[in-house]
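Contents: one structure, followed by commentary.
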Amino acid sequence: MKPKIAVLVLGHGSRETNSNLEFVSLVDAYSDTRPDLNISYAYVELAKPDIETALRNLSKEYSNIIIFPLFLYTSGHIKNDIPIVLDRIKTEFPDHSYKIANSLGIHSKMVSLLRKRAEEYLPLNKEQSSKTGVIIVNRGSSDPDANGDFYKTVRLFQEGNHFSFVLPSFIGITNPLLPDTLEMASKLRPEKLLVVPYFLFGGLLIQKISSLVQNFSEKFPWIKTELTSYLGPDPELLSVIDERIQDCISGKFSLPCDTCEYRTQLPGLSKKVGGLKALLWSIRHLETHNQAAPHLFPHRNLQKHIFVCDNIDCASKGSSALVARMRSILKLQGKHLDFKISRSSCMGRCGEGPVVVVYPDGVWYQKVNVEDAEDLVSEHLLQDRLVSRLVDNIMQ
605 MKPKIAVLVL GHGSRETNSN LEFVSLVDAY SDTRPDLNIS YAYVELAKPD
655 IETALRNLSK EYSNIIIFPL FLYTSGHIKN DIPIVLDRIK TEFPDHSYKI
705 ANSLGIHSKM VSLLRKRAEE YLPLNKEQSS KTGVIIVNRG SSDPDANGDF
755 YKTVRLFQEG NHFSFVLPSF IGITNPLLPD TLEMASKLRP EKLLVVPYFL
805 FGGLLIQKIS SLVQNFSEKF PWIKTELTSY LGPDPELLSV IDERIQDCIS
855 GKFSLPCDTC EYRTQLPGLS KKVGGLKALL WSIRHLETHN QAAPHLFPHR
905 NLQKHIFVCD NIDCASKGSS ALVARMRSIL KLQGKHLDFK ISRSSCMGRC
955 GEGPVVVVYP DGVWYQKVNV EDAEDLVSEH LLQDRLVSRL VDNIMQ
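Below is the structure:
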């Protein structure tokens, strides 16, 4: 009998083939346990099939669909990307039922799995454990809720153990970064140090963590430092996946996207500041994933590169004065080495200038006056908050 409910398991996606294969293998393993469900998969970015294509194809055959984000925590991808895609799909299939399940999140079995990975490298002797420090490393997120949930997971892991210390850390996006946490750990003088990656799958970030741990071990050879396995496939993990999906099917727990003001499903949301920021975040993240990555050049990394049109039309409306004013404000703030402001030739938006484009964000502003320089610098450049009143309509 054909299953009545379809489940689309959503992964982040990776440029690493092996990481994507691990994800597919996990989905297949879960699918074997639930023959009553039609289970397929898709990715948010970097791999195929993409979520919109997969969801549209699934909707042609099923009218009751659960979307399960196989993420450790509910971060920006889940809060923004999925609802934006759903908004488009719902216009094509208005009579369908779509529900978004919760991510893996904070769960006793996830803490148990984390403990299992650590204990594979821990001494059984309580006295030796008390001389062992632990660093738990997460990817890091621009979403404070996700980072806060990770901290809570680390605290739950620490409870009931006898380690010298347990420190949370991140490999990117936010602080404290792993190199800084390793330096802090060295000052606490453990006899042994475990670095535990709180990751579902392998990939470039696991390789980066491994390299940092190796460098630390060479720098502090008197500390026995080991890198444990990441979470990977495990019966505990399959159990949590099943619980999250089953809760969503029963209506017990699911993301309240249809009533959240930051979701595009609500009428008129695209004109709201919150909705606009969510939309721009998703678009610019997807389009500038490569450009936003830190590079290895020896010179100081720029935080942002700003282009101001200085062609005839924009120049006549004050673009040169705008450039001078923004540079002056940055210099007064002591931030002139972190941002570069360049004059550009025509960018094809004549009549709507002066035009300003901020990279790697990929955000365009139009009709920018000298008086707007203060807000552009203080809000967008220094605090990464969009100046919504100036955003060009091509981004809306």
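Just so you know, the working numbering puts 619 at position 15 of the sequence shown, and the rest follows in order with no gaps. Every residue, glycine too, gets a C-beta built ideally from N, C-alpha and C.
Asked, Found
"Please classify G855 as buried or exposed, where buried requires at least 16 other C-beta atoms within 10 Å of its C-beta.", "exposed"
"So, under 8 Å CB-CB, C954 and D914 are touching, yes? Tell me the CB distance rounded to an integer number of Å.", "Contact doesn't hold; Cβ gap of about 13 Å is too wide."
"Pull up the DSSP beta-bridge partners for C913, would you.", "S948"
"Alpha carbon to alpha carbon, how far is A658 from P837? Give it in angstroms, no decimals.", "24 Å"
"Below 8 Å, can you find three or more Cβ-Cβ pairs linking the segment 680-692 to the segment 646-657?", "yes"
"CB-CB under 7 Å to G807, same chain, minus the five flanking residues each way: which ones, in chain order?", "S618, E620, S623"
"Checking 9 Å against the spacing of the C-beta atoms, do L641 and H616 come in under that value?", "no"
"Rounding to the nearest angstrom, what Cα-Cα distance links V648 and L662 in this structure?", "16 Å"
"Report the rounded CA-to-CA distance for L614 versus A789, giving the unit in angstroms.", "36 Å"
"Fully enclosed by the segment 809-850, which beta strand (DSSP E) runs are 3 residues long or longer?", "828-831"
"Within 10 Å of its beta-carbon, does P673 have 16 or more other beta-carbons around it, so buried, or fewer, so exposed?", "buried"
"Could you tell me whether the segment 781-801 touches the segment 735-742, where touching means 3 or more Cβ pairs closer than 8 Å?", "yes"
"Below 8 Å CB to CB, which residues in the same chain sit around V991 once its five sequence neighbours on both sides are set aside?", "Y969, D976, D979, L980, E983, H984"
"Using a Cβ-Cβ cut-off of 7 Å (strictly less than) and excluding sequence neighbours within five positions of S768, which residues of its own chain qualify?", "S734, K735, T736, G737, L792, P794"
"At what residues does the alpha helix (DSSP H) containing T778 begin and finish?", "Unbroken run through T778: none, as it is neither H nor E."
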